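**Student:** Residue numbers for the sequence shown follow the numbering used here, so the first one is 3 and each next one is one higher. Just so you know, even glycine gets a beta-carbon here, dropped at the ideal spot from N, CA and C. All of these numbers come straight from a predicted model, not from anything done at the bench.
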Amino acid sequence: MINKLLIKPDQNLGKGITSFMLTKKYFDKHSIKFDNSSVEEFIMSTLGVPIVWMDQVHGTKVQLIGENTANFIEACDGLYTEKENIALAVKTADCLPLILCSKEGKELTVLHVGWRVFMGV
3 MINKLLIKPD
13 QNLGKGITSF
23 MLTKKYFDKH
33 SIKFDNSSVE
43 EFIMSTLGVP
53 IVWMDQVHGT
63 KVQLIGENTA
73 NFIEACDGLY
83 TEKENIALAV
93 KTADCLPLIL
103 CSKEGKELTV
113 LHVGWRVFMG
123 V
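1. Are I45 and M23 close, meaning C-beta to C-beta below 9 angstroms?
2. Report back the beta-carbon spacing between I75 and D57 to the nearest angstrom; my notes put them in contact at under 8 angstroms.
3. Leaving out five residues before and five after A72 in sequence, what residues of the same chain have Cβ atoms less than 6 angstroms from its Cβ?
4. Excluding sequence positions up to five away, which residues of its chain have a Cβ less than 6 angstroms from the Cβ of T83?
5. Does DSSP put F74 in a helix, a strand or coil?
6. Once the 5 residues before and after N38 are set aside, which same chain residues still bring their CB inside 8 angstroms of it?
7. Does A77 pass the burial test, meaning 16 or more other C-beta atoms within 10 Å, or should it be called exposed?
8. Could you tell me the distance, in whole angstroms, from the CA atom of E106 to the CA atom of L98?
9. How about V51 and N87: are their beta carbons less than 9 angstroms apart?
10. Between the C-alpha atoms of K85 and C103, what's the straight-line distance to the nearest angstrom?
11. Which class does V115 belong to by DSSP, given the choice of helix, strand or coil?
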């Protein structure tokens with residue numbers, strides 16, 4: 003499903019895994035401030051799951067997310083978890099959010115992929 007506010011890909015991911023993208027227009031329309039804490043509150047109230055953010059740096063570090071991981075990870079561009087009922091966030095502008103998961107839904111990785119990778123820079 004695609005509209006100007008919410009983008010939810012139709013493809014099947016692993017069992018129990020879903021993805022969606024919210025646009026800034028979505029937050030404007032619903033009078034939600036567009037910052038990490040407001041988005042986190044929205045995700046928690048809508049999906050009922052905690053969200054983990056990255057301080058994206060256009061690097062190569064992927065961080066393991068476990069039971070006692072903080073909700074904000076410093077200096078990385080990927081998150082990996084085997085934990086259930088959690089949202090992993092990727093912010094993009096001109097970069098690509100990439101989702102990798104097992105068919106069984108037991109493993110999930112999200113990556114922030116910079117545009118330079120695609121340009122060979």
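**Tutor:** Straight from the coordinates:
1. Translated into positions along the sequence shown, residue 45 becomes position 43. Translated into positions along the sequence shown, residue 23 becomes position 21. Contact flag unset, no.
2. For the purposes of this step, residue 75 is identified with residue 73 of the sequence shown, where counting begins at 1. For the purposes of this step, residue 57 is identified with residue 55 of the sequence shown, where counting begins at 1. Right, their Cβ atoms sit about 7 angstroms apart.
3. Position 70 of the sequence shown holds residue 72. Correct list: empty, nothing qualifies.
4. Counting from one through the sequence shown, the residue named residue 83 turns up at place 81. Cβ neighbours of T83 beyond the five flanking positions: I67, L110.
5. On the sequence shown, position 72 is the one that residue 74 refers to. Looking at F74 - three-state DSSP - the assignment turns out to be strand.
6. The residue labelled residue 38 in the question sits at position 36 within the sequence shown. Hits under 8 angstroms: W55, F74.
7. Translated into the one-based positions of the sequence shown, residue 77 becomes position 75. So A77 counts as exposed.
8. The residue you call residue 106 lines up with position 104 of the sequence shown. The residue you call residue 98 lines up with position 96 of the sequence shown. E106 and L98: Cα-Cα distance of roughly 24 angstroms.
9. Taking the first residue of the sequence shown as 1, we reach residue 51 at position 49. Taking the first residue of the sequence shown as 1, we reach residue 87 at position 85. Result yes, Cβ atoms of V51 and N87 sit closer than 9 angstroms.
10. If you number the sequence shown from 1, residue 85 lands on position 83. If you number the sequence shown from 1, residue 103 lands on position 101. Cα-Cα distance, rounded: 12 angstroms.
11. In the sequence shown, counting from the first residue as 1, residue 115 sits at position 113. Strand at V115.
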